[in-house]
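Protein sequence lines, in the order shown, are assigned to chains W and X.
The first sequence finishes on residue 277 if you use this note's numbering, and the numbering steps up by one all the way, no holes.
The second sequence finishes on residue 311 if you use this note's numbering, and the numbering steps up by one all the way, no holes.
We put the CB at the ideal spot given by N, CA and C, even for glycine.
First up is the structure itself, then whatever we jot down about it.
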Amino acid sequence: MSAVKVGVLALQGDVREHRQVLESLGVEVRQVRLAAELEGLAGLVIPGGESTTMSRLIQRFDLMGPLQDAFAGGLAALTTCAGTILAAREIRDGLPDQVRLELLDIVVRRNAFGRQRESAEVLLEIPAVGEEPVPVAFIRAPAIEEVGAGVEVLASYRGEPAAVRQGRHLALTFHPEITGEPRLHRLFLSGL
Amino acid sequence: MSQNGHVETGTARVKRGLAEMLKGGVIMDVVTPDQAEIAQEAGAVAVMALERVPADIRAQGGVARMSDPSLIKAIMGAVSIPVMAKCRIGHFVEAQILEALGIDYIDESEVLTPADEENHVDKWQFKIPFVCGARNLGEALRRISEGAAMIRTKGEAGTGDVVEAVRHMRSVSQGIRRLQGLRGDELASAAKELGASLELVREVAATGKLPVVNFSAGGIATPADAALMMQLGCDGNFVGSGIFKSGDPLRRAKAIVQATTYFDKPEILAEVSEGLGEPMVGISSRSLRPEELLAGRGI
Chain W
86 MSAVKVGVLA
96 LQGDVREHRQ
106 VLESLGVEVR
116 QVRLAAELEG
126 LAGLVIPGGE
136 STTMSRLIQR
146 FDLMGPLQDA
156 FAGGLAALTT
166 CAGTILAARE
176 IRDGLPDQVR
186 LELLDIVVRR
196 NAFGRQRESA
206 EVLLEIPAVG
216 EEPVPVAFIR
226 APAIEEVGAG
236 VEVLASYRGE
246 PAAVRQGRHL
256 ALTFHPEITG
266 EPRLHRLFLS
276 GL
Chain X
13 MSQNGHVETG
23 TARVKRGLAE
33 MLKGGVIMDV
43 VTPDQAEIAQ
53 EAGAVAVMAL
63 ERVPADIRAQ
73 GGVARMSDPS
83 LIKAIMGAVS
93 IPVMAKCRIG
103 HFVEAQILEA
113 LGIDYIDESE
123 VLTPADEENH
133 VDKWQFKIPF
143 VCGARNLGEA
153 LRRISEGAAM
163 IRTKGEAGTG
173 DVVEAVRHMR
183 SVSQGIRRLQ
193 GLRGDELASA
203 AKELGASLEL
213 VREVAATGKL
223 PVVNFSAGGI
233 ATPADAALMM
243 QLGCDGNFVG
253 SGIFKSGDPL
263 RRAKAIVQAT
273 TYFDKPEILA
283 EVSEGLGEPM
293 VGISSRSLRP
303 EELLAGRGI
């Protein structure tokens with residue numbers, strides 16, 4: 086079996102942490118900043134960071150079309166925090182022309198819990214990855230305020246869905262990667 | 013079964029975590045809500061709310077203090093990206109005020125006039141994370157021991173001259189490489205020499221990096237400067253006077269954001285560097301008298 090190739094969108098954000106978790110699981114990782122670097126990938130992680138910054142870079146370097154083509158061709162996404170904002174069908178409290186990849190039928194609100202002082206480490210129950218609660222961090226986190234019929238909710242935080250799956254895409258409003266927690270990445274890889 | 017029983021705010025992990033999310037990005041000094049919106053439009057990952065940029069603090073002199081809370085609040089209200097603000101070195105009450113305002117990050121900064129020449133703020137007492145400047149590994153590790161969740165080079169703020177930022181970034185990296193080459197029984201002596209804790213020195217020797225994110229700051233004025241600092245190994249850039257003291261701030265801000273992402277792609281750097289208008293005039297840091305240098309404050 087040839088090694089699965091997974092990319093991390095490396096325009097800005099916590100690329101290194103995702104890379105470390107993926108490599109610890111034996112995956113070959115490629116950083117993606119150019120359209121050509123999407124070729125041959127089975128999965129793409131869209132990391133945490135600042136969604137408006139990533140959005141501006143996607144627009145400036147004409148990456149929207151290539152990303153949409155790659156996802157239409159079967160590429161799977163794992164998105165965390167800012168990545169989940171980019172993956173949403175609708176963004177609340179975003180910039181008016183912020184890009185939306187519309188990978189999942191979800192409506193996301195930016196900074197839904199407030200500013201940095203509301204950021205928290207949480208032991209989150211995610212039955213889909215096992216009984217043991219998962220240590221994660223919510224950092225100026227968004228919330229998933231609405232989900233469409235085809236969206237499966239895997240975990241919730243403060244009354245809103247925090248981990249959702251639709252088809253091959255897995256979207257999280259929190260960061261498992263900064264605690265080094267591998268179970269959600271493993272769940273994503275098992276679907277590739 | 014109680015769901016999500018354990019929730020903890022203000023931990024070292026969430027403080028350092030926000031800095032992780034800023035990596036590969038540019039944090040811009042702004043003095044008005046309008047400038048903050050321009051910075052956000054250009055793709056800044058955060059803004060630093062100030063009354064005066066370092067170049068003006070330098071030119072006007074006098075005691076530089078924390079900004080008026082009304083200005084900070086107006087800037088927080090204008091943008092949805094994180095907002096940082098500066099307190100004087102050792103001025104823990106300015107830090108308490110910034111925390112009460114709900115700022116996202118506090119810069120305990122040598123750009124302002126120090127309030128304490130012996131002690132920095134005890135940053136562990138705060139739920140809001142702090143960034144501090146450093147010229148070398150010893151300073152960086154002392155600030156981390158005091159609770160800093162992010163480090164930046166001091167550079168020489170307000171000059172538009174990148175030479176000091178380069179010196180400080182190289183010095184931190186060289187310090188780390190030196191520790192990696194030492195035997196375990198030599199680390200205690202190295203810690204003493206650095207004025208840093210043995211525990212932190214051991215950690216850095218083992219991992220080959222600081223335990224927190226390390227940005228560059230102090231003199232970055234062009235896309236090429238930003239890319240230079242990234243190629244030297246920093247995690248992202250602070251740009252102070254370099255943007256809003258230039259001829260076309262929006263255009264220059266965008267170009268510096270783009271250069272920070274594509275720091276190792278010279279063709280892209282060439283393209284984004286074109287036609288940016290006048291850069292800030294700047295002052296060579298060599299021409300400054302010793303008492304005019306900011307980097308020697310709070311070591």
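Name, going along the chain, the residues of the stretch 94-123 of chain X whose beta-carbon falls closer than 9 Å to a beta-carbon of chain W. Under the 9 Å Cβ criterion, the stretch 94-123 of chain X contributes P94, V95, E111, G114, I115, D116 and Y117.
Give the single residue among V221/W, L148/W, E108/W and A120/W whose Cα lies nearest to the Cα of T23/X. The residue from V221/W, L148/W, E108/W and A120/W with its alpha-carbon nearest to that of T23/X is V221/W.
Going by DSSP in three states, F227/X sits in which element: helix, strand or coil? Shown here, F227/X sits in a strand according to DSSP, grouped into three states.
In whole angstroms, what is the alpha-carbon distance linking T21/X and G199/W? Cα to Cα, T21/X sits roughly 12 Å from G199/W.
Exposed unless 16 or more other CB atoms sit within 10 angstroms - verdict on F59/X: Note that residue 59/X is Val in the sequence shown here, rather than Phe. V59/X comes out buried.
Beta-bridge pairing of F250/X - partner residues as DSSP gives them: Among the bridge pairs identified by DSSP, F250/X is matched with I39/X.
According to DSSP, simplified to helix, strand and coil, what is L269/W? The answer is helix: DSSP assigns L269/W an H, G or I state.
Cβ-Cβ separation, D190/W to V236/W (assumed contact under 8 Å), whole Å: Contact flag correct, Cβ pair sits at about 6 Å.
Just how far apart, CA to CA, sit P66/X and A229/X? One Cα belongs to P66/X, the other to A229/X, and the distance between them is close to 11 Å.
State yes or no: is the C-beta of A56/X within less than 9 Å of the C-beta of I39/X? The answer is yes: Cβ separation under 9 Å.
Determine the contact status of G167/X and A177/X, defining contact as a CB-CB distance below 9 Å. Remark: C-beta atoms of G167/X and A177/X approach each other more closely than 9 Å.
Going along the chain, which residues of its own chain have a beta-carbon closer than 7 Å to the beta-carbon of P246/W, five neighbours each way excluded? Only I229, V232 and V238 meet the Cβ criterion.
How would you list, in chain order, the residues of chain W whose beta-carbon sits under 8 Å from the beta-carbon of Q52/X? Ordered by position in chain W, the residues that pass the 8 Å Cβ test against Q52/X are T137 and L180.
What is the DSSP secondary structure of A248/W, counted as helix, strand or coil? In the three-state scheme derived from DSSP, where H, G and I count as helix and E and B as strand, A248/W is classed as strand.
Classification of D247/X by the beta-carbon crowding that lies within 10 angstroms, buried from 16 upward: D247/X sits buried, since 16 or more C-beta atoms from the chains shown fall within 10 Å of its C-beta.
Which first and last residues belong to the alpha helix (DSSP H) in which M241/X is found? Where M241/X is concerned, the enclosing alpha helix (DSSP H) stretches over P235 to Q243.
Any C-beta of chain X sitting closer than 9 Å to the C-beta of R101/W? Using beta-carbon distances, R101/W counts as an interface residue toward chain X, with a partner under 9 Å.
Tell me whether H254/W sits in a helix, a strand or coil according to DSSP, three-state version. Here H254/W sits in strand by DSSP.
Nearest-angstrom Cα distance between L113/X and V95/X? Using only the alpha carbons, I get a separation of about 11 Å.
Beta-carbon gap between R271/W and V207/W smaller than 9 Å: Cβ distance not < 9 Å, so R271/W and V207/W don't count as in contact.
Per-residue contacts from L96/W into chain X (C-beta, under 8 Å): Here the neighbours are G36 and T273.
Once DSSP output is grouped into helix, strand and coil, what is the label at M181/X? Looking at M181/X - three-state DSSP - the assignment turns out to be helix.
Output the boundary residues of the alpha helix (DSSP H) element that contains V93/W. Where V93/W is concerned, there is no enclosing alpha helix (DSSP H), although the beta strand (DSSP E) it sits in stretches over K90 to L94.
Name the one or two DSSP bridge partners that S121/X has. R100/X, per the DSSP bridge assignment.
Give the DSSP bridge partners of H324/X, in chain order. Chain X is shown only over 13 to 311; residue 324/X falls outside these bounds and no answer can be derived.
Three-state secondary structure assigned by DSSP to I211/W: In the three-state DSSP reduction, I211/W falls in the coil class, being neither helix nor strand.
Who pairs with E113/W in a beta bridge, going by DSSP? Per DSSP, K90/W.
Could you tell me whether any Cβ in chain W is nearer than 9 Å to the Cβ of Q270/X? So, interface residue.
Measuring alpha carbon to alpha carbon, tell me which of A172/W, L163/W and V91/W ends up nearest R194/W. Measuring C-alpha to C-alpha distances from R194/W to each of A172/W, L163/W and V91/W identifies A172/W as the nearest.
Which residues, in chain order, does the stretch 221-237 of chain X contribute to contact with chain W at a C-beta distance below 9 Å? The stretch 221-237 of chain X vs chain W, Cβ under 9 Å: nothing.
Kindly confirm or deny that the stretch 249-257 of chain W and the stretch 173-190 of chain W touch, where touching means at least three C-beta pairs closer than 8 Å. Segments in contact, yes.
Could you tell me whether the Cβ atoms of I268/X and N249/X are closer together than 9 Å? It is a contact, given that the beta carbons lie within the stated cut-off.
Cα-Cα separation, R268/W to V114/W: For R268/W and V114/W, the distance between alpha carbons rounds to 17 Å.
Assigned secondary structure, T138/W (DSSP; H/G/I helix, E/B strand, else coil): For T138/W, the three-state secondary structure derived from DSSP is helix.
Does any CB atom of chain X fall closer than 9 Å to the CB of G215/W? Chain X, which has no Cβ nearer than 9 Å to the Cβ of G215/W, makes this no.
Mind checking if G92/W is an interface residue toward chain X, Cβ cutoff 9 Å exclusive? Taking CB atoms only, G92/W has no neighbour in chain X less than 9 Å away.
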